[in-house]
Every structure is written in structure tokens, then in C-alpha cells.
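Working notes for the structure below.
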Amino acid sequence: MKHKVALDMVKAKLPEKRYKHSKRVAETAVKMAEIFKGDKNKCFLAGILHDFSKYDELGEMYQYVTKYKLDPELLSYKSAVLHGPVAAVKMREEYRVQDEEIYQAIMNHTSGRSHMSLNEKIIYVADYIEPKRSQPGVETIRELVFDDRNLDLAVYEITKANMQHLLSKDQPIYHKTLECLNYYNMVKE
Ligand code: DGI
Ligand code: FE
Ligand code: FE
Ligand code: FE
9 MKHKVALDMV KAKLPEKRYK HSKRVAETAV KMAEIFKGDK NKCFLAGILH
59 DFSKYDELGE MYQYVTKYKL DPELLSYKSA VLHGPVAAVK MREEYRVQDE
109 EIYQAIMNHT SGRSHMSLNE KIIYVADYIE PKRSQPGVET IRELVFDDRN
159 LDLAVYEITK ANMQHLLSKD QPIYHKTLEC LNYYNMVKE
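Following our numbering, the numbering of the sequence shown begins with 9 at its first residue and continues without gaps.
Laid out in C-alpha cells, this is it:
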């Protein structure tokens, strides 16, 4: 898919604020791809498309999980956890975005998972550190990325902060989030 087509599609579908967030994630991901020798084209496209299904209707999202045989565990969650997997299959099945790495990057941008590819990790981290994000601790993660260039440690710290936040709100932890935490705890240096 051409960048302009992706930009226009997301601009037409999402609220302005979410469109701008998606553009910042794409731009942050491209910057990271230069540093970590990732694929700038894949990073831009996955960044632009990652939140495409953020505001899809919940019933429709569950239909995609069933129709495309996604992880049945997803049926216990809401849009916060579903929108990545749903956007990933929509792009693959309906918009002919066939690249496997883009598929996985969109699929796992919220939870992460164990054994992510380089471009997948870039999208996961870019979503968290794009310039307008201001959650506590985000500056430390930006330093891990742009100064220390330690992507695995950034993935770990993001997942840990996310999980601490979820636990403080008594939210259920999706299994991929926990697998991501444990895996990057072991591989980080
Ligand atoms: O879509 P964004 O707002 O850019 O960010 P995101 O897709 O990274 O996260 C969306 C939400 O998902 C965020 O509020 C935290 C939540 N989330 C992440 N992992 C889990 C989760 N919610 C639950 N219940 N379980 C998880 O494992
Ligand atoms: Fe998201
Ligand atoms: Fe995220
Ligand atoms: Fe996002």
C-alpha cells in the first residue's frame, strides 16, 4: 500500500486526534528504523495503520475474531485489547496489506508478545513514546531508545509500566502482555 493511500484512509476513518497520533507513531517509527536498521517503509505503514480499528463497534470486532480464527481469548476483552488484532486482519484480508511483519506489528502493538521482530518492537515502542505522549516515565524510555539504543530494555520497561497500571485498576492481563513481560525480562541487558 502506498503511504498516501494509507494516510488518506486513516484520515477519513479516524477522529483528527487519533489520525495525528497515528502519523506521529509512523514518524517516530521511521526515526527508530534509521537508528536500529529496521525497514522504514514497513514501520511507516504499520505506524499509520496500527489504530485503524480503535473505534470499531465491539460486536463487529468479535465477528472478525471468529471469522479469521484469531486467539479465542480475545473474546473476553474489549476494544483496548482487540483493536490491534482486528486492524491487522482487516488490513490483510480487505486492504491487501500482505506483509507478515506489518501484520504482526499491527496485531501486537498493544500487548507486545515474546520473540517480536525488530520492526514489531519498533511499533510497540513508538506507540508509547511518540512526541505527544506524556505518561510518567516516558522520558526515561525515550532516553533508553535514543541515547542508550536499548530496544529490548525499552520494551520491558513499557510492558512493566503498562502492567502495573492495569493491575492498579484491577484490569485483566491478556496472556501476550504477560508473555512479553517475562520474555523481555529474560533477554534485556
Ligand atoms: O491505542 P493506543 O491508545 O495508542 O494505545 P495501545 O493500543 O498501546 O493501548 C490501548 C489500551 O490497552 C491501553 O489503555 C492499555 C490497554 N491494555 C494494554 N495491554 C492490556 C490492556 N488492557 C487489558 N485489559 N489487558 C492487557 O493486557
Ligand atoms: Fe492502539
Ligand atoms: Fe501501545
Ligand atoms: Fe496507538
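Glycine included, C-beta positions come from ideal geometry on N, C-alpha and C. Just so it is clear, the structure is predicted and the values come from calculations on it, not from any experiment.
Could you tell me whether any non-hydrogen atom of ligand 2 is closer than 6 angstroms to the CB of Asp64?
-> In the sequence shown, the residue the question calls residue 64 occupies position 56. Every heavy atom of ligand 2 is 6 angstroms or more from the Cβ of Asp64, so no.
Only counting the same chain, and skipping five residues up and downstream in sequence, which positions put a Cβ closer than 6 angstroms to that of Asn158? Indexing the sequence shown from 1 puts residue 158 at position 150. Correct list, in chain order: Leu152.
Rounded to the nearest angstrom, what separates Lys10 and Tyr27 at their Cα positions?
Position 2 of the sequence shown holds residue 10. Position 19 of the sequence shown holds residue 27. Taking the straight line from one Cα to the other gives about 17 angstroms.
Would you call the stretch 86-99 and the stretch 45-62 in contact, with 3 or more CB pairs under 8 angstroms? yes
- Query: If you count every other CB in all the chains shown that lies within 10 Å of the CB of Ala95, and 16 or more means buried, which is it?
  - Reply: By one-based count along the sequence shown, residue 95 stands at place 87. The residue is buried, with at least 16 neighbouring Cβ atoms inside 10 Å.
- [ ] Return the chain-ordered ranges of every alpha helix (DSSP H) run that is complete within the stretch 10-75 and spans a minimum of 4 residues.
- [x] Within the stretch 10-75, the complete alpha helix (DSSP H) segments at least 4 residues long are 11-21, 24-44, 48-57, 66-75, listed from N- to C-terminus.
> Using the C-alpha atoms, what's the distance from Met40 back to Tyr85?
Replying inline: Locating residue 85 in the sequence shown gives position 77, where the first residue counts as 1. Locating residue 40 in the sequence shown gives position 32, where the first residue counts as 1. Their backbone Cα atoms lie some 31 angstroms apart in a straight line.
* Under the criterion of a Cβ to heavy atom distance below 6 angstroms, does Thr167 qualify as lining ligand 2? -> For the purposes of this step, residue 167 is identified with residue 159 of the sequence shown, where counting begins at 1. Every heavy atom of ligand 2 is 6 angstroms or more from the Cβ of Thr167, so no.
field: Where Asn190 falls: helix, strand or coil (DSSP)
entry: Here residue 190 refers to the residue found at position 182 when the sequence shown is read from its first residue. Asn190: helix per DSSP, three-state reduction.
beta-carbon Tyr103 near ligand 1 non-hydrogen atom, thresh 6 angstroms
For the purposes of this step, residue 103 is taken as residue 95 along the sequence shown, with counting starting at 1. Tyr103: no, Cβ never under 6 angstroms from ligand 1.
Specify the secondary structure class of Ile181 as computed by DSSP and reduced to three states. Position 173 of the sequence shown, counted from the first residue, corresponds to residue 181. Coil.
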